[in-house]
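Take a look at the structure below.
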Amino acid sequence: MLKHEDVWRAIDHIASEYGFSTSGLAKRSGLDPTTFNKSKRVTTEGKLRWPSTESVAKVLAATGATFNEYVSYIGDSGGAGVYRNIPLIGFAQAGSKGFFDDGGYPTGGSWDEIPFPGFADPQAYALEISGDSMVPVFRDGDTVIVSPAASIRRGDRVVVKTSCGEVMAKILLRQSTKRIELISINQAHEDRSLEIENVSWMSRIIWASQ
3 MLKHEDVWRA IDHIASEYGF STSGLAKRSG LDPTTFNKSK RVTTEGKLRW PSTESVAKVL
63 AATGATFNEY VSYIGDSGGA GVYRNIPLIG FAQAGSKGFF DDGGYPTGGS WDEIPFPGFA
123 DPQAYALEIS GDSMVPVFRD GDTVIVSPAA SIRRGDRVVV KTSCGEVMAK ILLRQSTKRI
183 ELISINQAHE DRSLEIENVS WMSRIIWASQ
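Quick note: the sequence shown, position 152, residue 154 per the working numbering, numbers continuous.
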């Protein structure tokens, strides 16, 4: 299991490797200089704070470090640098029959595979983005990691499949017993409001490899 201290240890290693203090790394990454301060890693109430996937992506972009390099720095947890293969298909294929069961879990033998850190959700899978419908957050060729078992909260980025086979990546605005309200990642595309009965499944995006 991935630990809080392991993730922060990786951030510290990246900072050290590329000649930054943690505050210098945050600033270089376009973040508030205090974002990675040790005093901010646990709240005054004792709640653990984790670096967001967006923050990590900005760190990698700012330093030129690869995702694999970041993972290799995840301490002495025993899972560092250990990979397993997870299913992969193109986003455009996700609406086709035979790739998912009714719960949104990968099924069938037509998936490709990519290596991903061993601490990943055992049910996670990858979708490769094509086109510009999700810019500026996700671009053509990016890979998003999706977890059908992960809990979903307002503001999460999600993949939704409708009963008619349409698959989309959006931001969850709200969910009621009757409807799901979604915000488009690309503002050039319309927001969506879907009746629950017309949604086959909705899963959370837990990582993006960019």
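Cβ atoms here follow ideal geometry from the backbone N, Cα and C, with glycine treated the same way.
Annotation for T145: the continuous beta strand (DSSP E) segment containing it runs T145 to S149. Taking each of T164, L33, E168 and V169 in turn and checking the Cα distance to R181, the smallest one comes out for T164. Looking at the backbone, the Cα of D34 and that of A64 are separated by about 14 Å.
Distance from the CA of D158 to the CA of A67, rounded to the nearest whole angstrom, comes to 26 Å.
Here DSSP, grouped into helix, strand and coil, assigns K49 to coil. With distances taken between CA atoms, S41 lies nearest to S25 out of T55, S25 and E56. In this structure, DSSP gives V169 an extended state, which the three-state scheme calls strand. Taking 3 residues as the minimum length, the beta strand (DSSP E) runs contained wholly in the segment 89 to 140 are 114 to 119 and 127 to 130, in order along the chain.
A distance below 6 Å between beta-carbons, with the five flanking residues on each side excluded, links I173 to the following residues of its chain, in chain order: R159 and I185. In the same chain as I147, and ignoring 5 residues on each side of it, the C-beta atoms closer than 6 Å to its own belong to A126, A128, I208 and W209, in chain order. Within its own chain, the residues whose Cβ lies closer than 7 Å to the Cβ of T55, once the five positions on either side in sequence are excluded, are W209 and A210, listed in chain order. In the structure shown, R86 falls within a strand segment according to DSSP collapsed to helix, strand and coil. Short of 8 Å from the beta carbon of E115, and not among the five residues preceding or following it, lie these beta carbons of its own chain, in chain order: N87, I88, P89 and L90.
In this structure, the alpha-carbon of T37 lies about 6 Å from that of A28. Assignment of beta-bridge partners to R43 by DSSP yields no partner. Judged by beta-carbon spacing, F140 lies within the 8 Å limit of I131, meaning their Cβ atoms are closer than that value.
The beta carbon of K60 lies closer than 8 Å to those of S31, G32 and L33 in the same chain, with the five residues before and after it left out. Comparing alpha-carbon positions, the option among D14, F93 and V161 lying closest to W113 turns out to be F93. The criterion of a C-beta distance shorter than 8 Å is satisfied by G167 and G97.
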